[in-house]
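Chains as they are written, first to last, in the numbering used here: chain P, -18 to 496; chain V, 2 to 102; chain U, 1348 to 1848; chain R, 868 to 1496; chain Z, 42 to 236.
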Amino acid sequence: MQEHILSILIFFPALAAMLGFVVHKDSARAYGITVAAIEFFLSLWLWNLYDPMTSGMQFMEQAPLVAAFGINYLVGIDGISLFIIILSTFFTMIGIASLTETRRVKDLIITLLFLEMTMVGVFAALDAIVFYVFWELSLIPMLYIIGAWGGPLRIYASIKFFLYTFTGSLVMLVGMLFMAYFYYQATGQWSFSLLEWYRLILPLNFQLWLFAAFFIGFAIKVPMFPFHTWLPYAHGQAPTIGSVILAAILLKMGTYAFVRFSLPLFPDASVFFMFPIAILAIIMIIYTAMVAYAQEDIKQVVAYSSVSHMGVIVLGTFALNVEGISGSIFLMIAHGVVSGALFLLVGVIYDRRHTKLMSEFGGLASVMPRYATIFGIMMMASVGLPLTINFVGEFLSLLGFYKQSHAFTLVAGTAIIVGAIYMLSAYKKMFFGNVTKDENKHLKDVNMTELLALVPLVVITVWLGVYPKPLLEPISHSVEPIVQLMHDKAQTAEAQARIPNLANPEAMNSQEETR
Amino acid sequence: MEITLAHYLVLSGVLFSIGLIGVMRRKNLLMLFFATEILLNATNIGFAAIAHYHGDLTGQMFAFFVIAIAASEVAVGLGLLIVWYKRTGKIDLDIMTSMRG
Amino acid sequence: MLEPIHISLASLNIATLAPMIVAIVGALTILCIDLIKGGLHKSLYVMVSLLFLMIDLGLIVDFGNLFIQNGSVSGMFNMMLIDGLAILGQIIIVAGSMLFIPLALTSKRFHEYNYPEYFSLFLFMIAGFQFMVATDNLIMIFVGLETASLALYALIALHNRSKSFEAAVKYFTMGALAAGFYAFGSMILYAITGSIEINQIAAVLGADHYANIGYVLLAISFLLAAFGFKLSMVPFHTWTPDVYEGSSAAMAGYMSIVPKIAGFIVSMRLFEFLVHSGVVWLQVILYIAVVVTMTASNIWAMVQTDVKRMLAYSSISHAGFVMAAILIGTTQSNTALFLYWALFSFTNLGAFTMLWVSRQKNLLPGQSSDHPFEKFSGLIKTMPMAAIMMGLFMLSLAGIPPFGLFWGKIYIIASAVTGGYTVLALIMALNSALAAYYYLKLIVYMFMKEPVKEYGKYYLVNASLSLKTIIGIAAVGTIFAVLAVNPLLKVITLFVYNSGY
Amino acid sequence: MEIYLYIALFAPLAGSLFSALFGASPKTSVTGIVASGLLFISFVSSAILLNYVMMGHTVHVEMMTWIAAGDLYIPFGFVVDQVSVVMMMVVSVVSTVVHIYSVGYMDHDKGFNRFFSYLSAFVFSMMVLVMSDNFLGLFIGWEGVGLCSWLLIGFWYHKESATWAANEAFIMNRIADLAMLIGIFIVYWNIGSLQYDVVFSQIANLPMPIITWIGIFLFIGAMGKSAQFPLHTWLADAMEGPTPVSALIHAATMVTAGVYLVVRANPIYSLIPEVGTVIASLGAFVAMFAATMALVNRDMKRIIAYSTLSQLGYMFVAAGLGAYWVALFHLMAHAFFKALLFLGAGNVMHAMHDELDPFKMGGLKKPMKWTWILMTLASVALAGIYPLAGFFSKDLILEVAFVEQHYVLYTVLLLTAGLTAFYSFRLVALIFNGDERHLEHGIHPHEAYNFMLYAMAPLGLLAVIAGMVFKTPYYEMVTHLLPALEYHIHNHTTFWIMTIGTQLFVIAAIAYAYKKYAKAVKVDKKVESGFFYQLLYNQYYIPKLYDELFSKPYRELSRIAWKQIDLKIVDATVDGIANVIYRTGEKTHTMQNGNLSSMLRWMVIGLVVLLVLAVAFTVGYNAVTMRAM
Amino acid sequence: MFEAIAFYLFAALTIAMFTITVMTSQALYALTAMAAGMIFISAFFFILGADFLGVIQIIVYTGAVMALYAFGMMFFDTTRTVVEKRDNPRVIFILGVLAATLVVFILVSPIISTHIEANYPINAAMGNSETIGLILFTKFLVPFEIAAVMLLVAMIAGIVLAGKKMDKSLTLMAEEEIALMSATQAKPETEEGAH
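This is the structure we're talking about:
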């Protein structure tokens, strides 16, 4: 069983979803929680089995799919994917548990379980096509969730979401096919295995084009400026659970893919594009933060804040050193937790008032103190307060990028300022002041169901902020070989200089000394 | 003033074009079918001429089969026209626009 | 004077005719049955047709085995050419037909199925297509094509309502024009090469180093126009939506698959040697045609209000997509063509069957076509299984992995990549995104809108066990395509490669 | 000793969490008592540690790893050494006092429990800040106190001004924090560690520009927390918070964190005296600048806040000039008397029903005798009259400036000392002397609870004796760690002239203040409408300037970014592409008009196009081959 | 010389006839002109030595096809002047003339080829019909048979489409109507089947 745990983890939710068709609709929610909980504990078990000291892929499974074309069912995880998988299963569980939707719950739960399969699949896949399959498949449940349970503009939003990401990923697909073709030219065999691709050293101009192709796919998913405009609509229209999963997991696919694909496959191109991407990331950080500040809808604020934070993640990824990449991966998880929680929180108030306009609220702190507290904690985490989960990631990301560019980091660092501006002002509008609207006077504070979902998130936020080691260590161990691989593959002098050589014993020693 | 293959081919081409004009111009379906016959006949001249100038029988065979095809087409075409006519009482193609877009 | 002709029967290879003869015999048998005892139930004819088609398919598979051992076979004075393409083509033709013929077993009665002539014509048509692909003689192609087409026109008209007559007349008239094009094009080729067999034409043209380039291009122009009609390339596509709309959904689905694969095989035989001989013009033209066909039809499909018409445009787009394989002209791309079409047939079969299942006899007031999008509105709420099936086929058509068409799509795009057509690969990929819009439109209607009451009772009105079975087969074929891709790929590559394409 | 360290550190956290449990419940005194008690324990532990450190030991513990990635290794490490123990003592003393005081002060407030939760959390953060053994640990505390400051300023969240001020404080601090982070980054990438001991031992090996940059960025960080110009505006606005908060956070502890940072990082600053000079100059400027604003202000708490600002300027002068121990000493002394001053102001506010304008008070000497005494004491200490604490610490700074031969700074500081004395006693006079103007408003003042006064008493005591008694042992202790520089004016005559001169100057200022404000308050319209008065009264128009220059444009820019750029450009482009495609479809699908004739024509058109292309190609091809031949 | 005169004569006639066919608005003229054109074409066949084709042309076209069309004309009642709506006649002529010009432009150039071989050379010793018969039943046997099938298809199609069976559309009738109809027609239908 252990050797097939990844497959079990991937396909168990799908199987359960199929069986879920039979379950009576009144019991669907209980069924969903059960399945999601089992899946979550399976993922925890995976963590338990995971050996944090090994740097390579673990739990690898391989089965031929289209052998003639080099497509294999190849899955495996390392420290980078492990935690995002756990995050996925966790959020699915939390999401189903905190579901307040009443319309066609059964369909929703089945959809969510399918979505869970695709999410786990994306992060476990080590074959480009398998990755692509899950990547694309993940769009469909989300499309359905937004389109069927969303707000008034849901159809526009869902189609925009789907087509935008789909378009990007098709370009990426062409890139993948090229990559496979280059591999074919080099070895005479087709292969889509990432691990095989890692061995390929491409000339710079090929790298640039392929990087660009992959970039379009990933950047739209992230979403990076200027490809981000689907996100506010998707979030704005999606039901709470949709936003939560979208923000917590789906967006991470893009940044995860940067680490998995772009960096190790195209080290020279990564260095070449480092600054353009950094500029985009900075625009994302500052510009979207400003846009977030101008929003009138609290959910849109959180949505834009996601974009802003994703900017930091991208920046950290393109720091191309262990600190930055580890930080960005940690921040992915952190942002997942925090933005997921924020969307859940927005959902709480939406359930009560059926509006998300901040002008409709005010003074909620006195009516809903617990809610205000949890919101406050999450907001502070989002702002990147030390000892919350976000800070670790943000700090490491920025620290990492500082190695590459001082000025850019200085500008990007304004994230902590602009982030505070929109978050605090939104919080102020919502929670501070006097209760002006009569409808708000008798709002109920968070109930047990909601607490059940929110408290674990708060605990995680603080726990991992104080003690990130259980995650950070395996992540760091898994990032090291990637960085080393990049350094070894780098051809241009600039790339060699910018990507640190971890194998250099001298460097290691000197670092040891400084400790 | 020798008649070459080119003469025949040009004739064939011209007749074909006349057929094309007919195909485009005719709104009466029956007369439209006349035009399609012209098209096939035009090629038949070509085939026969080529067969003659190449001293090869294949062209004649082709022409032969083209005639057979033309005849079959007439049968089916008329059949279709008849049902259409029975249903609508007209064979003007301008009224055939229930499907569009 | 006449010398006796000595021909050994063995050298004739009469066996090469066997599959087609089975189909013709089947057709005649049906006619005979009708003569002997009229008014029999359609299920009899369906099953008889199915039986003959099975034998037909068995023979073709047998040829397949022979081909693997001995390579291409020709027979009947080199008139028949049973190479890999012919075998693959026939398999798709016959298998596709076998899947479509049970669609006659609807719960409602439709005109055509009550007459045995329908089934007879159907089998004749199959024989015609089989002849068309199993030869490289232009006459044979022409005669086979016309046999099939004439039967097809009649089959469409037999649906017996004004729209189907209109469709048949349009199809017929344009077909006649296309036949003229074909004849003229063949004539030109014959004029410059003295031959009407494609391999000889290729040989002579090659030997002449394409000296008569003007003639060659003239011929290609006419032939392209003719096959452009058959394969519905823009701007010769205009019949497609109307004919699809006019004919029954089952027939429309059939037309989107079987006639086209025949057309593709002939195009492959005709155009690929030209592409390879460096007729730059043809490359450019095909490039343009492929791109325009894909893009324009996708754009038009977006604005359709009827699902069947939308699918008609989508099938144009798919044809354009596959036409790219001929442009690329490598073994890989030709393999991809067959793979794509095999997978496409399953999915498209499913999609059209879903429409067929929902066909109501009389239109409601205000309903302008058989399958407006509103008909499927909110289907997930009223008939979740049907909605999921239809959604599945739409996703597959859109090329969402891991469903059937995705694998065909990546293989074609990969062949474009390996063939050096980078930009084409990108255009193809982006076109998939365009296409996704209209497939999504149906999904949006089905999954995200509220049901329209009046249509509620019409859905599944036409369903019967056999139709549901077909849908099931299509669904299984679509979902588990990934398992079939590898063996398919191997076999197809073997056949295509050994046929010299 | 480690156990005391942990007790000192975590007792406030325990108090905070305990109070937080009751956060949403109605008031229970138990939260206040428990929190205060825990703080007292913390204080006792600190005292034990102080004793231990006085004996020449230091305590350094590494609790656990915090962040470790790549070569980066940051533990939760805590150090109790000569510098941090001083801070610990200051923090624990003042906070204990403020806690006890608050039990009375917040008596009638709905958010009583919440208040103690926040307040104790603040103390915890402050403890982390001062005890951390690395820069990032300091940053935790740094941000933590920022958070608590935000919570406490906005404690009365229904007040718009309070929440606004809270946000302002937080955001402004964030600006500085960014610089601090950058400073930390530079340290890390150049030294490879953030531990104080490693950094300070290796800093000298770095090239000068880098050290300079480190110094600058860290100082910018300090500027935010310590509200130095130009990031000073939040401090005055922060007075929206409850008065004990002002006493603890915005007078005694948090705002001095910047000074602490500079003192802590003295090995860095010692290497870059130019930066030190800048710091000192800025400090002097702020001292003067803040004092001038305090002169005319009509808000009791703001006056004290400006005074704090001014004193922080003093501290920076000392720190900038390398007299780190002097800075720290003034920090300590200032904490005592300034906290006392604020608490006294709190009493007054309570008595006056939250009236803040001293011009509406007067004659409170009688009803609030003890408060009067304590506040006067604090003001005297602030003014630097011998033998109170202020004299020993503040005059020392003057001496430092003199000895270091920064005569301009000296002059500025001297003038400021006069101003300080003036506005301090202006306030005292206005509140406690003169007519009972408040009676017009129907307010009947009463003295605060006794235990509040008792709580204040230790501060009063400290304000008196801190300078005299502590100076020598303090000096001996901290100079283990800080540069032991004695600032004595060697010329005795000069020394006496200066000391006495200063004292006289200050006393004169006090007398003037009493003369002007003790009896009747004459409002001099002419002065008040004068340019300078208006300038000072409006805080040099700086808040307004910031509002016009930053807030409004930012808000406007944000709107533009959203409405114009995001919706009308970025998104519209995407939608535009989609629309163009869709429109093309709508426009062109009429090509399929259903008419067979046009369909046939399309076919012929297609053919003709092919033919045209074919002929064109043929002609071209022939032309080329002809030329080739 | 004779050939040239004949060619030009018949070319002119054919073109004229077909032009009339295409351009006239009298259906009868069109039919007659086409029949004449077909016969003139057979003249070309005779000139070119394709006697068999010429005969077939006359028999099949003027005999069978024209008869069918004549029948059709009567059936459709189109013997009168046919009124046709003309839209954009200019475009049609431009397209037609353009097509002709382009085709002619290429076709006037000589065919250069040294590799054309007659696969089935015309044997002067044998009559045209004989040689054709010879290869028709050897080489072209299969197409010939398919052509037979095709004609059968055409016949069936024609009969089915034009016959009575199409008069009532089962597609459009409700199920009950069909049931009713088959009940009433049960008898005659079985009789018909027995035929």
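All residues carry an ideal CB built from backbone N, CA and C; glycine is no exception.
Please read these numbers as outputs of a predicted model, since none were measured by experiment.
- For Ile1371(U), the neighbours in chain Z by C-beta distance under 8 Å run, in chain order, Val190.
- About 20 Å separates the Cβ atoms of Leu301(P) and Arg180(P), ruling out a contact at the 8 Å cut-off.
- Using a C-beta cut-off of 8 Å, the segment 876 to 895 of chain R makes contact with the segment 984 to 1002 of chain R, since at least three inter-stretch Cβ pairs fall below that distance.
- Using a CB distance cut-off of 8 Å, Asp95(V) counts as an interface residue toward chain R.
- Under DSSP, Tyr940(R) takes part in a beta bridge, and its partners are Ala935(R).
- Taking a contact to require three or more Cβ pairs closer than 8 Å, the segment 1763 to 1781 of chain U and the segment 1705 to 1722 of chain U do not qualify as touching.
- Contact with chain R is found for Ile147(Z), since one of that chain's Cβ atoms lies less than 8 Å from the residue's Cβ.
- When the beta-carbon positions are compared, Phe1691(U) and Gly1755(U) come within less than 8 Å of each other.
- Within the same chain, Cβ atoms closer than 6 Å to the Cβ of Thr65(Z) are found at Ala71, the five residues on either side in sequence being excluded.
- The C-beta distance from Ser1454(U) to Leu1485(U) rounds to 45 Å, too long to meet the 8 Å contact threshold.
- Note on the segment 372 to 409 of chain P: whole alpha helix (DSSP H) runs with a minimum of 4 residues are 387 to 394, in chain order.
- Residues of chain R whose Cβ lies closer than 8 Å to the Cβ of Trp1754(U) do not exist; the shortest such Cβ separation is about 27 Å.
- Tyr1537(U) and Ile1545(U) do not touch by the CB rule: their CB atoms are close to 12 Å apart, not below 8 Å.
- Cβ neighbours of Pro(-6)(P) within its own chain (closer than 8 Å, five residues either side excluded): Val16, Ala17, Glu20, Thr73, Leu94, Phe95, Glu97, Met98, Val101.
- In this structure, Val1829(U) places its C-beta atom within 8 Å of the C-beta atom of Leu46(P).
- Phe945(R) is bridged by DSSP to Val928(R), Ser999(R).
- Under the Cβ criterion of 8 Å, Phe1052(R) is counted among the residues facing chain P.
- Leu452(P) and Phe64(P) have their alpha carbons spaced roughly 7 Å apart.
- Ile1747(U) is the residue among Asp1409(U), Leu1570(U), Ile1747(U) whose C-alpha sits nearest the C-alpha of Leu124(P).
- For Ser139(P), the enclosing alpha helix (DSSP H) stretches over residues 135 to 168.
- A Cβ-Cβ separation of about 19 Å leaves Thr179(Z) out of contact with Ile1488(U) under the 8 Å criterion.
- Secondary structure at Val1193(R): helix, using DSSP grouped into helix, strand and coil.
- Per DSSP, Gly57(P) is not a residue of any alpha helix (DSSP H); the beta strand (DSSP E) it occupies stretches across 52 to 58.
- Look at Gly1527(U) here: in three-state DSSP terms it is helix.
- The beta carbon of Tyr70(Z) sits no closer than 8 Å to any beta carbon of chain V.
- Look at Met255(P): its C-beta is not under 8 Å from any C-beta on chain R.
- Within 9 Å of the CB of Gly102(V), the CB atoms of chain R belong to His1456, Thr1457, Gln1459, Asn1460, Gly1461, in sequence order along the chain.
- Its chain contains Ser984 as the residues whose beta carbon lies nearer than 7 Å to that of Ala887(R), once the 5 sequence neighbours on both sides are disregarded; these appear in chain order.
- Taking 8 Å as the upper bound for CB-CB distance, Ile61(P) and Val240(P) are in contact here, some 6 Å apart.
- Bounds of the alpha helix (DSSP H) holding Val1163(R) are 1140 to 1163.
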